[in-house]
């Protein structure tokens, strides 16, 4: 079995709950599995059609939860906190970091105000449902200049292979 190291915890790289470790309890009516991963860690897995919701416990204390989404027969995407890990044939192929849009807008505003600190007039329009930030400023010739920032859902994507 291959494992993903996440915050010093070994998470099995599989979407099959029965491959996590020693099966403690299985409730078919609820599609619920309780599996002992090692001496101290237990995973409680709620299985849906193409999705597993996993809660990890250490010595009975809740640590964190994550979801595994099956994208094809040999690959799945694991989402933990603000990160997405893509696995293909048990190999980690990409990591994506998801940023809260409010934090991104605040960061862009700081950058824009820093960049436009010599401008007298500045207009700002934030269109969150279209992921667009529009800025208008007066240039040296006293004409309006428009700058448009398009925000993608996947930001700071890092490909490993």
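Residue numbers (my numbering): 234 to 394.
The beta carbon of each residue, even a glycine, is placed where N, CA and C say it ideally should be.
With fewer than 16 other beta carbons inside 10 angstroms of its own, residue 271 counts as exposed. Between the C-alpha atoms of residue 291 and residue 247 there is a straight-line separation of about 20 Å. Secondary structure note for residue 300: its beta strand (DSSP E) is the uninterrupted segment 294 to 303.
Check the Cα spacing between residue 252 and each of 266, 260, 262: the tightest is with 266.
In this structure, DSSP gives residue 329 an extended state, which the three-state scheme calls strand.
In this structure, the alpha-carbon of residue 280 lies about 15 Å from that of residue 304.
Excluding its 5 nearest sequence neighbours in each direction, residue 325 has C-beta neighbours in its own chain below 8 Å: 237, 246, 318, 319, 393, listed in chain order. Residue 240 is positioned such that its CB atom lies closer than 9 Å to that of residue 297. When beta bridges are read from the DSSP output, residue 242 appears opposite 239. If the five residues before and after residue 269 are omitted, its C-beta is found closer than 7 Å to the C-beta atoms of 254, 255, 257, 275, all from its own chain and listed in chain order.
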